[in-house]
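Under the numbering used here, the first residue of the sequence shown carries the number 200, and numbering increases by one thereafter.
Positions of the beta carbon are idealized from the N, C-alpha and C atoms, including for glycine.
Here the structure is a predicted model, which means the values were calculated and not measured.
Accompanying notes for the structure given below.
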Amino acid sequence: MSDLKIDRNAKTLRELTLDKLRGAIVQGYFRPGARLVERTLCDELGVSRTVVREVLRHLETEGLVETVGRQGPVVARLDPQQVSEIYELRGLLEAHAARACAEHSTPELVKELRELRAVIEAAFVDQDLPRVLDYTERFYDALFQGAGKSVSLGVVKTLNARINRLRALTIATPGRSNDSNREMNAMLDAIERHDGDAAAAASSAHIRRTAELAMAALAGLDEGDGEA
């Protein structure tokens with residue numbers, strides 16, 4: 200992500216800035232612990248200090264930014280205990296949704312889920328991380344909605360920024376594309392044949408493996424401080 204300049208023609212300037220800065224953190228443009236200096240961000244993003252301040256406050260609510268004493272805003276460090284909790288919660292909610300989705304699935308829903316997975320698989324091949332993250336969110340939206348689990352989806356959405364940050368770490372693992380495709384297709388096959396137990400088991404296995412990869416990546420991550 201070499202250019203952070205904002206295109207002013209679509210969403211509001213604040214929304215564009217939020218999307219751009221969130222993406223920069225999720226994709227590793229700014230490393231954990233890096234200072235987020237307002238003046239520097241204003242220059243890089245081409246927006247006012249007021250907009251930058253509002254966006255930083257919002258990203259703090261998403262768990263991507265934290266305020267550290269005299270340093271001010273920094274990219275939130277990835278705490279192993281919190282990461283473990285996120286995957287534990289994801290595992291419970293997604294397995295529950297996969298089971299319910301299998302029990303209530305329709306050919307139309309299965310078709311939609313497979314089409315979304317096809318886009319994700321193609322994005323993996325193209326090494327298009329933003330597209331992988333975008334369509335993975337869409338896939339889980341469709342899964343939870345198809346399962347009739349709107350409250351669970353709402354909980355997951357509050358964690359999406361942190362989940363995507365972790366996804367960006369695990370996606371970089373060699374061979375992860377093939378493994379992920381195999382894991383997710385096992386879940387989709389179970390959903391298509393209305394096998395709730397198998398769908399839940401496949402979902403749980405996928406999350407367990409993803410959690411293992413995330414924790415391994417986290418252990419090897421250099422979290423030295425920097426400055427934006």
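task: Taking 7 Å as the cut-off, decide whether the C-beta atoms of G374 and A301 are in contact.
output: Contact flag unset, no.
- request: Report yes if the CB atom of T216 is closer than 7 Å to the CB atom of V246, and no otherwise.
  value: Yes; because the gap between Cβ atoms is below 7 Å, this pair is in contact.
message: Please give me, in chain order, every unbroken run of the alpha helix (DSSP H) with length at least 4 that falls completely inside the segment 290-369.
response: Entirely contained in the segment 290-369, the alpha helix (DSSP H) runs reaching 4 residues are, in chain order, 306-324, 328-346 and 349-357.
- request: Could you tell me if A275 is buried or exposed, where buried requires 16 or more neighbouring beta carbons within 10 angstroms of its beta carbon?
  value: Buried, by the Cβ-count rule.
message: Helix, strand or coil for G271? Go by DSSP, reduced to three states.
response: It is a strand residue.
V254 burial status per 10 Å Cβ neighbour count (16 or more: buried): V254 should be labelled buried.
query: According to the neighbour-count rule (16 or more other Cβ atoms, all chains shown, within 10 Å of its Cβ), is R366 buried or exposed?
result: Buried.
- request: Select from D218, L220 and T335 the residue whose C-alpha is nearest the C-alpha of I319.
  value: Closest by C-alpha distance to I319, out of D218, L220 and T335, is T335.
- request: Can you tell me which of A360, S376 and R364 puts its alpha carbon nearest to the alpha carbon of Q326?
  value: Of A360, S376 and R364, the smallest CA-CA separation from Q326 is found for S376.
task: Could you please give the first and the last residue of the uninterrupted alpha helix (DSSP H) stretch that includes E259?
output: Boundaries of the alpha helix (DSSP H) around E259: R248 to T260.
query: Taking the Cβ atom as the reference point for each residue, do Q226 and L328 lie within a distance shorter than 7 Å?
result: With contacts defined by Cβ atoms closer than 7 Å, Q226 and L328 form a contacting pair.
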